[in-house]
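Accompanying notes for the structure given below.
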Amino acid sequence: MSERIATFTRAGLIFDVRDAGPLDGAPVVLLHGFPQDSRSWDRLAPLLHRRGFRTLAPDLRGCSVGARPHLRRAYRSAELNQDVVALIEQAGLGPVHLVGHDWGAAVAWGVAAQRPDHVRTLTALSVPHPAAFVRALLTSSQIVKSWYMLLYQLPWLPERLFASGQVIRRALLGTGMSAEVVDRDLPPMREKSRARGGLNWYRAMALTTWRATAGKVRVPTLHVWSDGDTALGRVGAELSARYVDAPYAFETLRGVSHWIPDEAPDQVDELLARHLV
């Protein structure tokens, strides 16, 4: 396909996409995390464009206005993964370089494991392979770092916290997110349907068949972790190598918080320049 795409569809849902960079460039699909949207790639994407890559950054399920199903079962990992497969197929660009951050990284791991025919390379920022994450929960302090996941299981209270804004603002600043990025990302989350959609990613974790998400990845993989991450420890990051049966690189960004694409775009760009081949 040699035309821009602004949306793609799946199962009656309409997803928004930000498509930029050279039309004939090798495609890079950028998957955002929570509580962010495709704008989280605004500092990295132009650097990739300068290197000749085309980027497609969708607003994922729960974020796009036309893709906010109400029930939590609609946010199972199988559904999230198939959304990305639908984007790749409808864009008609062949195998893509797949880059994800936070929840987007979790989905990227799953897509790469299940549909290697659609993925040229995988880059996971912050979040380890799902099986490595579960193992880290059982063997390290990761369960303490993941306390907020339990909070998000509660009905209505997390939505109310996002609607009020102040508690969540302080929490995000405490994770290392800059005030500028908080002011960009938090206002949309004050809308109930948007907050519920993002929170349902966490609430559907209990409905996930972990065996389906724990497969080995067999495409070249880069995993980037930052030592200032308050949500994810090093154990899961290091365990991820066990679940890749392909060329693999693990990089640590020193003094960088969880919010890698916003905070360290130049460093990520340099890593991707070597990886996206």
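Residue 143 in UniProt numbering sits at position 143 of the sequence shown; the count goes up by one each step and never skips.
Every residue gets a Cβ at the ideal spot worked out from N, C-alpha and C, and that includes glycine.
On a predicted model such as this, the values are computed, not experimentally measured, just so you know.
Euclidean distance between Cα positions of residue i and residue j
i: Ala-171; j: Leu-151; result: 13 Å
i: Val-28; j: Phe-8; result: 16 Å
i: Ala-6; j: Leu-87; result: 11 Å
i: Ser-146; j: Leu-232; result: 8 Å
i: Leu-48; j: Val-224; result: 17 Å
i: Ala-113; j: Ser-193; result: 31 Å
i: Leu-253; j: Met-177; result: 15 Å
i: Gly-66; j: Ser-257; result: 31 Å
i: Thr-208; j: Asn-81; result: 12 Å
i: Leu-222; j: Gly-255; result: 19 Å
i: Ala-45; j: Trp-259; result: 15 Å
Pick from the options that is closest to residue i, judged by C-alpha positions
i: Ala-249; options: Thr-230, Leu-154, Ile-14 and Pro-220; result: Pro-220
i: Ser-141; options: Tyr-75, Ala-273, Val-277 and Arg-234; result: Arg-234
i: Leu-239; options: Arg-54, Trp-109, Ala-136 and Gly-25; result: Ala-136
i: Trp-201; options: Pro-46, Leu-13 and Glu-79; result: Glu-79
i: Glu-251; options: Trp-156, Pro-128 and Gly-174; result: Pro-128
i: Glu-263; options: Arg-242, Gly-228 and Val-244; result: Gly-228
i: Gly-25; options: Leu-13, His-97 and Arg-72; result: His-97
i: Arg-218; options: Pro-46, Val-111 and Glu-3; result: Val-111
i: Ala-20; options: Ala-74, Ala-91, Pro-247 and Arg-203; result: Ala-91
i: Leu-199; options: Phe-133, Ser-64 and Pro-35; result: Pro-35
i: Leu-276; options: Glu-89, Asp-245, Lys-216 and Ala-124; result: Ala-124
Residue burial classification, residue i (beta-carbon count within 10 angstroms, cutoff 16)
i: Leu-138; result: exposed
i: Ser-226; result: buried
i: Val-144; result: exposed
i: Pro-130; result: buried
i: Glu-180; result: exposed
i: Ala-206; result: exposed
i: Ala-11; result: exposed
i: Ile-14; result: exposed
Exercise. Note down, one range per segment and in chain order, each beta strand (DSSP E) of at least 3 residues found wholly within the region 13-49.
Key: 13-20 and 27-31
inquiry  = I'd like to know if the region 30-43 and the region 99-106 are in contact, where contact means that at least 3 CB-CB pairs between them fall below 8 Å.
reply    = yes
- Query: For the 8 Å Cβ check, are there 3 or more pairs between the region 118-138 and the region 163-170?
  - Reply: no
Query raised in the report: Any contact of the region 53-71 with the region 21-35, i.e. 3+ C-beta pairs under 8 Å?
Result: yes
*asked:* Under 8 Å, with one C-beta from each stretch per pair, do the region 270-277 and the region 152-168 reach the 3-pair mark?
replied: no
Note down, one range per segment and in chain order, each beta strand (DSSP E) of at least 3 residues found wholly within the region 119-200.
-> 119-125
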